[in-house]
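Using this note's numbering, the first residue of the sequence shown is number 291, and each one after it goes up by one. Note that the Cβ used here is the ideal one computed from N, Cα and C, for glycine as well. A quick note: this is a predicted structure, and the numbers were derived from the prediction, not measured. This report concerns only the one structure given below.
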Amino acid sequence: MKFFITGSDTDVGKSFVTASLLRAFLEQGAKAVALKPVQTGYAEKSRIPDENSRIPSQSLEPDFKEYIKAGQNADFKATCYTFAYPASPHFSAELEGKKIKARGILDFIEQNLAQITLIEGAGGILVPLNENQSFLDISKELNAPVILVCKNCLGAINHALLNLEILRQNSIKLAALILNFHDENDAICLSNQQFLQKKLSCPIITLKNYKNNENYSNSAKDFRAFISKFLDKK
Numbered sequence: 291m292k293f294f295i296t297g298s299d300t301d302v303g304k305s306f307v308t309a310s311l312l313r314a315f316l317e318q319g320a321k322a323v324a325l326k327p328v329q330t331g332y333a334e335k336s337r338i339p340d341e342n343s344r345i346p347s348q349s350l351e352p353d354f355k356e357y358i359k360a361g362q363n364a365d366f367k368a369t370c371y372t373f374a375y376p377a378s379p380h381f382s383a384e385l386e387g388k389k390i391k392a393r394g395i396l397d398f399i400e401q402n403l404a405q406i407t408l409i410e411g412a413g414g415i416l417v418p419l420n421e422n423q424s425f426l427d428i429s430k431e432l433n434a435p436v437i438l439v440c441k442n443c444l445g446a447i448n449h450a451l452l453n454l455e456i457l458r459q460n461s462i463k464l465a466a467l468i469l470n471f472h473d474e475n476d477a478i479c480l481s482n483q484q485f486l487q488k489k490l491s492c493p494i495i496t497l498k499n500y501k502n503n504e505n506y507s508n509s510a511k512d513f514r515a516f517i518s519k520f521l522d523k524k
């Protein structure tokens with residue numbers, strides 16, 4: 291089973307959701323892996339300061355660090371393209387005189403499939419990989435249900451529905467909508483949730499802004515009901 295995780299914008303919490311999902315599947319005994327085919331903003335000089343951490347004291351892709359905290363094997367290769375500059379993949383690659391190939395990403399994913407494979411995109415579904423291809427092409431080729439992550443704030447309804455229309459036009463199934471940074475005491479958050487629940491038939495999962503969630507065990511609990519139906523099929 292494969293899932294493609296994308297966001298309605300940058301900084302909406304895709305890596306947080308991916309790591310939380312990974313933790314949830316692992317806690318239920320599934321053989322699950324998380325992949326980040328394209329990583330930008332990779333500072334090679336970064337180091338893990340905690341010498342007692344089970345994460346090796348070596349440079350690691352930022353999102354891969356989060357997967358390891360959630361339980362992924364530190365020796366696993368989760369990324370096939372890494373770039374230093376934190377920008378759209380096509381631009382970060384261009385700055386280094388390189389070019390991203392969709393076929394290379396798809397081959398990488400194929401070589402690393404597990405019982406449950408979580409594939410995290412970079413930015414949103416239309417973020418370009420090169421002059422002609424975007425993550426939409428990756429998603430279509432994978433034929434994997436999409437998990438869409440939105441920041442639950444003013445504008446979330448518009449962002450969510452625009453992305454859902456793109457998925458619909460391309461016959462891509464939406465597995466779940468994640469409303470991240472949810473605040474139960476915020477009228478806009480509650481209104482967004484209620485409106486989208488009336489519009490959509492897929493599960494809508496709200497995640498609060500978790501504190502003290504170092505290994506993602508707290509946020510993983512919010513995904514147990516969602517993942518159970520997929521594990522029942524195995």
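For residue i, the residue or residues it bridges with in DSSP
i	result
residue 462	Answer is none; residue 462 lacks a bridge partner.
residue 470	441
residue 322	406
CA-to-CA distance, residue j to residue i, given in whole angstroms
i	j	result
residue 335	residue 490	The predicted model places residue 335 with a pLDDT of 30, which falls under 50 and marks its position as unreliable; any figure quoted below should be read in that light. Spanning the two alpha carbons is a distance of roughly 44 Å.
residue 436	residue 386	30 Å
residue 398	residue 327	8 Å
residue 449	residue 356	26 Å
residue 343	residue 461	Unreliable positioning characterises residue 343 in this predicted model, as indicated by a pLDDT of 39, which lies under 50. A coordinate reading is not provided.
residue 298	residue 308	15 Å
residue 383	residue 390	7 Å
residue 521	residue 293	13 Å
residue 305	residue 412	10 Å
residue 438	residue 485	16 Å
residue 515	residue 388	42 Å
residue 499	residue 513	15 Å
residue 364	residue 323	11 Å
residue 403	residue 396	11 Å
residue 381	residue 423	13 Å
residue 314	residue 510	5 Å
residue 354	residue 400	18 Å
residue 426	residue 316	28 Å
residue 419	residue 379	6 Å
residue 495	residue 487	10 Å
residue 392	residue 475	43 Å
residue 434	residue 428	10 Å
residue 394	residue 456	24 Å
Any C-beta of chain C under 8 Å from that of residue i
i	result
residue 306	No chain C is part of this structure, which consists of one protein chain only.
Span of the beta strand (DSSP E), counted from its first residue to its last, around residue i
i	result
residue 437	436-441
residue 494	494-496
residue 296	292-297
For residue j and residue i, believed in contact at Cβ under 8 Å, the rounded distance
i	j	result
residue 471	residue 441	5 Å
residue 325	residue 409	5 Å
residue 369	residue 329	5 Å
residue 465	residue 406	At roughly 12 Å, the Cβ-Cβ gap does not stay under 8 Å, so residue 465 and residue 406 are not in contact.
residue 469	residue 482	7 Å
residue 332	residue 352	7 Å
residue 443	residue 467	That pair is no contact at about 14 Å.
Residue i (DSSP reduced to helix, strand or coil)
i	result
residue 327	coil
residue 410	strand
residue 379	helix
residue 372	strand
Residue i: first and last residue of the uninterrupted alpha helix (DSSP H) it sits in
i	result
residue 394	392-401
residue 491	Run containing residue 491: none; DSSP gives neither H nor E here.
residue 355	352-360
residue 432	425-432
residue 513	Element bounds for residue 513: n/a, residue is neither H nor E.
residue 366	Premise fails: residue 366 is in no alpha helix (DSSP H) and is neither H nor E.
residue 304	304-317
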